[in-house]
Amino acid sequence: MNARHAISVTINGQVYAREVEARLLLSDFLRHELGLSGTHVGCEHGVCGACTVMFDGQPVRSCLMLAVQANGHALLTVEGLAADPNQLHPLQQAFRDAHGLQCGFCTPGFLMTLVPFLAENPNPTEPEVREAISGNLCRCTGYQHIVDAVLLAAQRGNLGAASRELD
Amino acid sequence: MKPAPFDYAAPDSLEAALALKAEHGDEAKFLAGGQSLVPAMNFRLVQAALLVDVNPLAELDFVWPDPAGGLRLGAMVRQRRLERDPLVARHAPLLFEAMPCVAHPQIRSRGTLGGSLAHADPAAELPVIVLALDARLRVQSAHGERWIPAADFFQGLFTTVLTPEEMLVEIALPALPPRTGTSFLEFARRRGDYAILGVAAVVSLDERGGCLQARLVYLNAGDGPLDARQAAELLRGRPPTPAAFLAAANHAAEHEIAPTGNVHATPAYQRHLARVLTRRALAMAVERARGGSDPASPA
Ligand SMILES: Cc1cc2nc3c(=O)[nH]c(=O)nc-3n(C[C@H](O)[C@H](O)[C@H](O)COP(=O)(O)OP(=O)(O)OC[C@H]3O[C@@H](n4cnc5c(N)ncnc54)[C@H](O)[C@@H]3O)c2cc1C
Ligand code: FES
Ligand code: FES
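Going line by line, the protein sequences match chains H and A. So the first sequence is numbered by numbering that gives the first Met the number 0: it starts at 0 and just counts up by one. So the second sequence is numbered by numbering that gives the first Met the number 0: it starts at 0 and just counts up by one.
Structure, rendered in structure tokens:
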């Protein structure tokens, strides 16, 4: 039962090859095996959204996937969002400008949910934004400033430009 | 928390997956979207000796129009795909309308149609939809296959007729009869949360506009999708008027549903919701049956 599985995963454009136990959650793989601790873990049962990452272009809960399931797939985490470490992605910049975060614990999950949402719907209405973030909890902001940040980012446009996103 | 140790296999054919399940039975679990199974394993409410990951089985990810009318859906179709597929919008507007209510976008990216049906949560939308549409479910094992009507598939709280060897592989939704309208309504505290109560209505009209037949199926109103047959029978042969909707709604709410309440709602409140939502759902279904507004049809 403790057999290890060889996996190879592309994350933010870089290939990682590791051996993992079947029961290792994808969230723990990112954080503990690879040191990509930008992906946060709040509840480990799919409710809080803090662990959201992009998996083959789709937002998913990394706490509800096994690391072995990522074998051969391409992921984007918050670390891969901006074009380089000295820049912010336009959505991150809008979060900063509109006070879309306080403690920041929830922020990576919101960003990784909203980047694919905005790619599909670059000019959302406020109700559409609220629906898009229905699966992400924030204990600080009361959500209003997050909604403001998304609408600001949409208004500024240019959202696809910076990210090291893979398809 | 973390899951207890288990073995993992990701067979690349349905035959191989079924052979593993035949060999290991109840000790093994299929891993579909993992959106109900993995949280339960993280909490150690569920432990399995072996997970058979069926995500590589692309052959079970299909949405086909049935030449005989209706729609054929593979068990591994993601909920996210059902939410957007124009074929679903066209051939199964009831399913299309309910999809945004099934959990949150990130859950629907992974969660599958077959997984939700096999899980058989009384608060889930998809069991209600397939029952209201009289779907037929194809299940397969290493020894063969059988078709099961939705009405026989669900056996109570998180229970179906599937044997430990069987896998749900396909869902066939029949074509709707002529002059038929459908509607799904639920009340949840937040979009994507499990609803406090919900109802699917299917109404067929006769040539003079009377009600030929109706169906009312509820979620979170019993130990599985709850088919309120007596209430639906009250509508048969009657003109579809607000008074008829009220009578059906009251009957279902008072005599047929069996809500148990939860931390967010008392049973009395759930019955109240049933009265309100049933009237609205019936009115909307009838309007659509008459060829009125249908948000799901492409104009
Ligand atoms: C935060 C959160 C909110 C949610 N909200 C809702 C909601 O509002 N409404 C709702 O309906 N659901 C909701 N869900 C559940 C979600 O829709 C799941 O996707 C669904 O219940 C299970 O589908 P799955 O593909 O993820 O199955 P899995 O979790 O992989 O499997 C569930 C069970 O079914 C078995 N199984 C899976 N596929 C098959 C098959 N083809 N044949 C036989 N057995 C099979 C598995 O072995 C397991 O026992 C929510 C989940 C979360 C985490
Ligand atoms: S940690 Fe994954 S949803 Fe909360
Ligand atoms: S900013 Fe603190 S939880 Fe959202």
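By construction, the Cβ of each residue, glycine as well, lies at the ideal position given by its N, Cα and C atoms. Values in this document were obtained by computation on a predicted structure and should not be read as measured data.
Going by beta carbons, R135 (chain A) and A174 (chain A) fall outside the 8 Å limit. Linking F42 (chain A) to C62 (chain H) through their CA atoms gives a straight-line distance of about 12 Å.
Set against 7 Å, the gap from the CB of E124 (chain A) to the closest heavy atom of ligand 1 is smaller.
As the crow flies, the alpha-carbon of L132 (chain A) is around 10 Å from that of A200 (chain A). One alpha carbon belongs to D226 (chain A), the other to T158 (chain A), and they sit about 16 Å apart. H72 (chain H) carries a coil assignment under DSSP once its states are collapsed to helix, strand and coil. Per the Cβ contact rule, the region 125-140 of chain H is not in contact with the region 13-22 of chain A (fewer than 3 Cβ pairs under 8 Å). In the structure shown, M166 (chain A) adopts extended strand secondary structure according to DSSP, grouped into three states. Under the Cβ criterion (8 Å, minimum of three pairs), the region 70-88 of chain A does not count as touching the region 44-51 of chain A. At least one CB of chain A lies nearer than 8 Å to the CB of L24 (chain H). Against S36 (chain H), chain A offers no close residue; the least beta-carbon distance is about 17 Å (beta-carbon pairs closer than 9 Å).
Taking 7 Å as the Cβ-Cβ cut-off, the region 5-25 of chain A approaches chain H at F5, D6, Y7, given in chain order. P258 (chain A) places its beta carbon less than 8 Å from that of L196 (chain A). As the crow flies, the alpha-carbon of A131 (chain H) is around 44 Å from that of H142 (chain A). A contact between stretches requires three or more CB pairs, one per stretch, nearer than 8 Å, and the region 45-60 of chain H meets this requirement with the region 104-115 of chain A.
E130 (chain H) reaches chain A at R190, counting residues in chain order whose Cβ is nearer than 7 Å. Around the C-beta of N120 (chain H), fewer than 16 other C-beta atoms lie within 10 Å, and the residue is accordingly described as exposed. Annotation for C42 (chain H) indicates a beta carbon within 7 Å of some heavy atom of ligand 2. Near chain A, meaning a CB-to-CB distance below 7 Å, the residues of the region 130-145 of chain H are E130, A131, S133, G134. C-alpha of T76 (chain H) to C-alpha of V76 (chain A): approximately 25 Å in a straight line.
Between M53 (chain H) and M111 (chain H), the beta carbon gap of about 6 Å places them in contact (Cβ cut-off 8 Å). By the neighbour-count criterion, in which a residue is buried when 16 or more other Cβ atoms sit within 10 angstroms of its Cβ, V51 (chain A) is buried. Here V67 (chain H) has H4, I6, V19, A21, L23 as same chain residues with Cβ atoms under 8 Å from its own Cβ, once five neighbours each way along the sequence are excluded. Listed along chain H, the residues sitting closer than 7 Å to S108 (chain A) by beta-carbon distance are Q57, P58, V59. Boundaries of the alpha helix (DSSP H) harbouring V149 (chain H): 143-155, taken from the DSSP string. For L184 (chain A), the closest C-alpha among the options A:T162, A:D222, A:E58, A:A273 is that of A:A273. Where F54 (chain H) is concerned, the enclosing beta strand (DSSP E) starts and stops at 51-54. Between ligand 2 and the CB of R60 (chain H), the shortest heavy atom gap is smaller than 7 Å. Taking 8 Å as the threshold, the shortest C-beta distance from R43 (chain A) to chain H does not fall below it. Short note on Y193 (chain A): C-beta closer than 7 Å to some heavy atom of ligand 1. Residue environment analysis places E127 (chain H) among the exposed positions, since fewer than 16 neighbouring C-beta atoms fall within 10 angstroms of its C-beta. In this structure, E124 (chain A) and L245 (chain A) do not form a Cβ contact; the two beta carbons are roughly 25 Å apart against a cut-off of 8 Å. The C-beta distance from N11 (chain H) to P89 (chain H) rounds to 17 Å, too long to fall under 8 Å, and the pair is not in contact. If you check the C-beta of Q91 (chain H) against ligand 3, you find no heavy atom less than 7 Å away. For T181 (chain A), the uninterrupted beta strand (DSSP E) run begins and ends at 179-186, by DSSP. Within the same chain, Cβ atoms closer than 6 Å to the Cβ of A213 (chain A) are found at V202, A231, L234, the five residues on either side in sequence being excluded.
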